[in-house]
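Residue numbers (the working numbering): 61 to 159. Report on the structure given below.
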């Protein structure tokens, strides 16, 4: 079994629950959500990752540095998982401890 971060597992649980999905105001069809992010924040897809067989996450980023992470299920339903400001595309180099 692969271990996904808690935030992604939570998003997957929300997406798999029809009642929770219907009540969440930050959820909707993936295409509509992506269009809204583009129109309101000028955010475009930057990265994508597979959580499991039913869930994909995407990171949308604007040139101004705003960002939004959404999780989508295989039916095309999506929910905002997190959002913020100050996105930085700089490469991160992992450093191993000495010893």
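Glycine included, C-beta positions come from ideal geometry on N, C-alpha and C.
Open item on the list: Classify residue 131: buried if its beta carbon has 16 or more other beta carbons within 10 angstroms, exposed otherwise.
Closed with: buried
Task: Spatial distance of residue 91 from residue 151 (CA atoms) - done: 29 Å
Task: Of the residues 121, 115 and 154, the one placed nearest residue 99, counting alpha carbons only - done: 121
- [ ] Give me the Cα-Cα distance between residue 141 and residue 153, rounded to the nearest whole angstrom.
- [x] 26 Å
Task: Helix, strand or coil at residue 135 according to DSSP, with G and I counted as helix - done: coil
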